[in-house]
Amino acid sequence: VIGLPTNAYFAVEEIHDDGTAATKTFEHVSSEIGAEEAEEIGVEHLLRDIKDNTIGTLATRVTHQLTSLRGLAERLADIRSYLEQVLDNKLPVNSEIIQNLQDIFNLLPNLTIPDDSSAFTVQTNDEYALIYVSSMARAIIALHDLINNKIENREAELSADATANEAKNAGETQAASTDAAQPAGSKDAAKSS
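Just so you know, the UniProt record's numbering puts 49 at position 49 of the sequence shown, and the rest follows in order with no gaps.
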């Protein structure tokens, strides 16, 4: 679920003493999202199976940020819908909600101040530089590993070739020494047979 922690509400129909039509309001219900131990273990096993080892931590972080931004967009759409319904007199004004919205807007940074804008730009540039350097380091390490692998393969091939040549030379030397050790008459007999 995007946007945890959650709040739960249920609709209650309020009957007014003055005889006006009943209205529905929402009352807060304490809630907690949880799972039993068996469910948690099952989910962990599923996540292990799904995990893609080719995805790095940077990609995971970007995915989480994208998911968070989508959740934020949904919440902002809900706020906009509420405010539009209040303006159209479809919903009554709830001063607590309006006060919370005002607090949210007061906490937003003022990006028109040059010092703040400059600070955000410097922070962003520093993060991009870090990402760039990290990517370069990963590429250099990968190239280094590739070169080491190629050297090891070449050394293994040369070692295998040297072993094969030694075995061949040893076989030829042994055959030559065997020929030299035989008397001349036995060589002729071996040739005729």
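Using N, Cα and C, we set each Cβ at its ideal position, and we do this for glycine too.
Predicted, not measured: the structure shown is a model, and the values here were computed from it.
- Your pair L58 and I141 does not check out as a contact, with CB atoms roughly 15 angstroms apart and the cut at 8 angstroms.
- Per the coordinates, the alpha-carbon of V12 lies some 47 angstroms from the alpha-carbon of I113.
- When rounded, the separation of the alpha-carbon atoms in L111 and F120 is 9 angstroms.
- Cα atoms of V93 and H64: separation of roughly 35 angstroms, rounded to the nearest angstrom.
- If only uninterrupted alpha helix (DSSP H) runs of at least 4 residues are considered, those enclosed by the region 12-74 are 37-50.
- Residue V62 holds the alpha-carbon nearest to the alpha-carbon of E127 among V62, H28, E37 and S30.
- Nearest to E27 by C-alpha distance, out of N7, G42, A35 and N153, is N7.
- Annotation for I104: the continuous alpha helix (DSSP H) segment containing it runs S95 to L107.
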